[in-house]
Every structure is written in structure tokens, then in C-alpha cells.
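All residue numbers for the sequence shown refer to our numbering, where the first residue is 9 and numbers rise by one. Virtual Cβ for every residue (Gly too), placed ideally from N, Cα, C.
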Amino acid sequence: MKKIGVGLIGTGFMGKCHAMAYGAVGTVFGEVPVLERMALSDADPAVAAQKAKEFGFARAVADWRELIADPAVSLVSITTPNGLHREMAIAALSAGKHVWCEKPMALTLADAEAMAAAALAAPAQVTALGYAYLRNPALQHARQIIASGEIGEVFDFRGSVDEDYMADPNLPWSWRLKSSEAGLGTLGDLTCHLVSLTHELMGEIASLCAMTDVVHRERPLPGNLDGRGLVENDDVAHALVRFRSGARGVLASSRIAHGRNNGLRVEVHGSKGALWLDNERMNELNLYLADGPPARRGFRRILSGPQHPGYGVFCPAPGHGLGFNELKVAELAEILNAVAGRPNRAIGFAPGLRIERVIHAFAQSVREATWVRLAS
Ligand SMILES: NC(=O)c1ccc[n+]([C@@H]2O[C@H](COP(=O)([O-])OP(=O)(O)OC[C@H]3O[C@@H](n4cnc5c(N)ncnc54)[C@H](O)[C@@H]3O)[C@@H](O)[C@H]2O)c1
9 MKKIGVGLIG
19 TGFMGKCHAM
29 AYGAVGTVFG
39 EVPVLERMAL
49 SDADPAVAAQ
59 KAKEFGFARA
69 VADWRELIAD
79 PAVSLVSITT
89 PNGLHREMAI
99 AALSAGKHVW
109 CEKPMALTLA
119 DAEAMAAAAL
129 AAPAQVTALG
139 YAYLRNPALQ
149 HARQIIASGE
159 IGEVFDFRGS
169 VDEDYMADPN
179 LPWSWRLKSS
189 EAGLGTLGDL
199 TCHLVSLTHE
209 LMGEIASLCA
219 MTDVVHRERP
229 LPGNLDGRGL
239 VENDDVAHAL
249 VRFRSGARGV
259 LASSRIAHGR
269 NNGLRVEVHG
279 SKGALWLDNE
289 RMNELNLYLA
299 DGPPARRGFR
309 RILSGPQHPG
319 YGVFCPAPGH
329 GLGFNELKVA
339 ELAEILNAVA
349 GRPNRAIGFA
359 PGLRIERVIH
369 AFAQSVREAT
379 WVRLAS
């Protein structure tokens, strides 16, 4: 099988996740192309040199453009802040590379559209976005249950994503809170994950009516605790949604929800049953079937195991559990399937743009104080 040279841009939280996935994917999935970790770059050259050693990359380069120009690199990971995604992704596609870019796609909808157009103009190259929660076996089992009709006609959806990384009002101001540098707030950071799961279980959203708020409007300036910096992007975002199927739902997101660390939760109501799952207990699916004697009814808790999609390749024993980093390995396996021309479920820039349109529709709905229809 052909070898694939890999280049990694960024070595922070997601950079390390991508590096771990490159190291593990062959061990876990076996029949994948051999990956050669060729080059890595970071804003800080000293960090890049250190991380190249730790992550097993052949060399560190000072400028990401050098990495993209390297003929030995054919797959580029982009794990830098959102504002750099557009320039890096389009440069990589123009140089003939496959691209694995973290979410959200970009700061603005226009930037995301430009990335999707560049992907469309390079049909031989694979693009993929970092929506690894879609690879959760419990979620995929939920999708199978819904598709089989077991919970009947699906008519209602509840989705929420809550974290508390900005919950303390005294956390210092940073560029992440400035629209021109970070783009959307909770919507870009968290709601896009929720929308990816929502699309997976319910199909696309046809229209929505949103409300967003900055709750903590000022934060202390770093290094000058008497100074105050304005928070420009959303702390919380809520919406009523109508699906193309005719079903309805509610989405809620917060980055200031005390006590929630990865509270990505979805609940689906059907005419014959219901199901829900929560990423803080990501190896559990809760299923209710409206059958049997009423006295015995209730939600059953199903632990993920090898009988569920995507679990057995990691672990033969049920209930032992997969984590976030395993889902990134599974995400990479889908990308390598796409590169090899095999069936795959990688989220390319085109489906990614549909997610991006939804989070920007929240912002539009708030600006215009009205329902927003999403183009099909
Ligand atoms: N899929 C997920 O679940 C998930 C989780 C967290 C973050 N993310 C996304 O991943 C991206 C990065 O987030 P993070 O938490 O890893 O951030 P981070 O701050 O931990 O890492 C960013 C890295 O990019 C590097 N960088 C910045 N400018 C650079 C440049 N010009 N050239 C090369 N490297 C540069 C930084 O030095 C750092 O190593 C964001 O888009 C974020 O939304 C996705």
C-alpha cells in the first residue's frame, strides 16, 4: 500500500491528539496505508523542535508554508487557532495535499465557503474536519436504532452542549473573546459539535430561531487586573429548530455552565420509544422502548461493546470504554479510507460547511430578530 507523508501544523491540545492518532492508527486498524511523520511546525520554533522529537516527526520547520511545500508531505493536519484555518487549508489544497483541519472551519461563513470551494476545485484530494464525537460507538448505535424504526417516527429532539471553561467571571480577558480574532464564541467552539451530532441523528435543520447572550460582558485584562476587556462573542446560545423531516427540537449551548466539562447531550423522542446519550458518560446509550408491561418499563443503560459500530477494533471486552483520543484515531481511519478511495464517513469541507451555516444562522437570527431558513 502507498505510503503517506504527514505534516502537522500546531502542537497544542489538538496537535498532540492528531500526533497520537498518527502513531496509533496502524496498530488499531491494521490495513491502512503506512504513515510517515515527515514534518511539524509551531509558532515557536523551539517548541516545534521539542515536539518533533516527542511526537516522532522527522523534522521541525520554522514556517508552516515550508511544510506545505515539502513534496514528501501529502496529508496536512491543521490544528492552529480558527483564524489561521482558511489560509492554511487553501494553501495546502492548492499544493495538492489532503487536509485534516480542526473545527470550526473558520472565523466567518465567507471563509468557510472559500475553503469548501477550494475543496470542490480539488476533487482528488480528501478534506476532513475534526468532528470525532461522530465516531462514538454509542452514537452510531443510536443512529442505527433510529434508522431501523425501532423507536418509531422520530418527532422531537433535545440537544445541549455545556462546558465551564469560562464559567469563572474573573478569568482574564483574551483574544478568544474578540470577534475579529476568534469569530463566534460558544457557537464556534461548542455548538458546531452539537450540530454535527444533531445532523447525524435527525438529518438537516431547515430553519431556526435563536437567542445568544454575553453574560459576563467584561473580564479583567491580563496583567492589569484593574483594567477591563469587553467580551464580544457569545457565552450562551439557544435555538428552536425545525428539521427538514418536519421534526422539531431545541438546542442549547454554554461555555459558562459551572460543573459541566464535556456535557454534550442529545435526546431523541419517537412514537415507540426514546433514547439519550451524554458525552460525560460517552460509553453509555440510554434506550426506552414503549413495549412490555408498563410496570417493567424504563430507560435501559447499554454499555458500549464490540457489538456496537467502531468499538471492537479497539477492545474485545464490552464496558471497558473508549475515550476522546480513540475517537480521533477512528476519525483518522475514515480519512485514510477516503484517501484510499474506500467507503468512509469522514466529514469533508462540504458537509462541514452545512454545520458552519447552522452556527452562523444562529448569529443571523439574533441580528435580525427572526427565524432563519437554511438553504438545502
Ligand atoms: N475537535 C475537538 O474536539 C477540538 C477540541 C479543542 C480544540 N479544537 C480546535 O483545534 C484548534 C486548535 O485548538 P487547541 O485547543 O489545540 O489550541 P492550542 O492553543 O492548544 O494549540 C494551537 C497550536 O497552534 C500553534 N500555532 C499558532 N499559530 C501558528 C502558526 N502561525 N504556525 C504554526 N503553529 C501555530 C500554537 O503554537 C499551538 O501549538 C482550534 O480550531 C479549536 O477550535 C478542536
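Do the CB positions of residue i and residue j come within less than 8 angstroms of each other?
| i | j | result |
| --- | --- | --- |
| PRO317 | GLN133 | no |
| LEU195 | SER261 | yes |
| LEU272 | HIS207 | no |
| LEU216 | VAL276 | no |
| TYR319 | GLY306 | no |
| LEU293 | ALA140 | no |
| THR88 | GLY18 | yes |
| PHE163 | ILE213 | no |
| ASN333 | CYS25 | yes |
| ALA47 | ARG73 | no |
| GLY38 | ILE159 | no |
| ALA77 | PRO53 | no |
| VAL337 | ALA146 | no |
| ASP243 | VAL223 | yes |
| ASN241 | LEU185 | yes |
| ALA80 | GLY13 | yes |
| LYS59 | VAL84 | no |
May I ask which residues mark the beginning and end of the alpha helix (DSSP H) holding residue i?
| i | result |
| --- | --- |
| TYR296 | No alpha helix (DSSP H) contains TYR296, which is instead part of the beta strand (DSSP E) from 292-297. |
| GLY34 | 21-37 |
| LEU147 | 145-156 |
| LEU330 | Where LEU330 is concerned, there is no enclosing alpha helix (DSSP H), given that its DSSP letter is neither H nor E. |
| ARG375 | 357-376 |
| CYS200 | 200-210 |
Does the distance between the C-beta of residue i and the nearest non-hydrogen atom of ligand 1 fall short of 7 angstroms?
| i | result |
| --- | --- |
| ALA51 | yes |
| ILE76 | no |
| THR88 | yes |
| ALA140 | yes |
| GLU110 | yes |
| GLY18 | yes |
| TRP72 | yes |
| ASP197 | yes |
| PHE21 | yes |
Taking the continuous beta strand (DSSP E) assigned at residue i, which residues delimit it?
| i | result |
| --- | --- |
| ASP170 | 162-170 |
| ILE264 | Careful: ILE264 lies outside any beta strand (DSSP E) and carries neither H nor E. |
| VAL69 | 67-69 |
| ALA214 | 213-221 |
| ALA234 | At residue 234 the sequence reads Asp, which differs from the Ala that was named. 232-238 is the span of the beta strand (DSSP E), which, as asked, contains ASP234. |
| SER49 | 43-49 |
| HIS277 | 271-278 |
| ILE12 | 12-17 |
| THR135 | 135-137 |
| SER85 | 83-86 |
Here's a check: name, in chain order, each residue in its chain whose Cβ is nearer than 8 angstroms to the Cβ of residue i, leaving out the five neighbours to either side.
| i | result |
| --- | --- |
| ASP172 | ARG263, ILE264, ALA265, HIS266, GLY267, ARG268 and ASN269 |
| ARG256 | PHE163, ASP164, PHE165, LEU248, VAL249 and ARG250 |
| TRP183 | GLU189 and ALA190 |
| GLY327 | ASN291, LEU311, SER312 and GLY313 |
| HIS246 | ALA218, MET219, THR220, VAL258, LEU259, ALA260 and SER261 |
| GLY331 | MET290 |
Spatial neighbours of residue i within its chain, please: C-beta separation below 6 angstroms, excluding the five flanking residues on both sides.
| i | result |
| --- | --- |
| PHE63 | ALA27 |
| TRP379 | SER215 and CYS217 |
With a threshold of 7 angstroms, establish whether the CB of residue i neighbours any heavy atom of ligand 2.
| i | result |
| --- | --- |
| LEU92 | Inclusion of ligand 2 in the displayed structure is not the case, the ligand content consisting of ligand 1 alone. |
Can you list, in chain order, the residues of its chain with a C-beta nearer than 7 angstroms to that of residue i? Leave out the 5 residues immediately preceding and following it.
| i | result |
| --- | --- |
| VAL36 | VAL321, PHE322 and VAL337 |
| ASN178 | PRO228 |
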